[in-house]
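Numbering (this note's numbering), first residue to last: 4 to 120.
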């Protein structure tokens, strides 16, 4: 596979053998030429923990400031006042019998379903 001019430029400015601090790594990333799509950055951390030892397990979650870019489409089966509340809460498809008939006809353009009695 042929190496592009951009990748040659990156390899000349950046050493993959050297360990960078977070501030230096971000500063280096900002110097690189950009591309026409949304780029991603991959981080590798050495935590110096023993995964076999139960007291050194690393667990956690991360809340991304702009989400993952994926949106969930939600359908809500409800009647009356609950329809207004569901729309206000951000549901994409709200209804009762008409939504049931639509789904029975093959409509599946949603990711999650909520039903209210």
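Even glycine gets a Cβ: it sits at the ideal position worked out from N, Cα and C.
Predicted, not measured: the structure shown is a model, and the values here were computed from it.
First and last residue of the uninterrupted alpha helix (DSSP H) at residue 38: Residue 38 -> no alpha helix (DSSP H), and no H or E assigned at all.
Please name the residue or residues paired with residue 117 in a DSSP beta bridge. 79
Sorted by chain position, which residues of the same chain lie with C-beta nearer than 6 Å to residue 79's C-beta, five sequence neighbours on each side aside? 89, 94, 97, 117
Under the three-state reduction of DSSP, which class applies to residue 52: helix, strand or coil? coil
Just mark residue 102 as buried or exposed, buried being the case when its beta carbon has 16 or more other beta carbons within 10 Å. buried
Expected contact under 8 Å - CB spacing of residue 44 and residue 25 to nearest Å: Between residue 25 and residue 44 the Cβ distance is about 11 Å, and since that is not below 8 Å, they are no contact.
Residue 62 to residue 70 span [Cα, whole Å]: 20 Å
Contact set for residue 86: own chain, Cβ-Cβ below 6 Å, skip 5 residues either direction: 97
Quick check: what's the CA-CA separation for residue 41 versus residue 16? 21 Å
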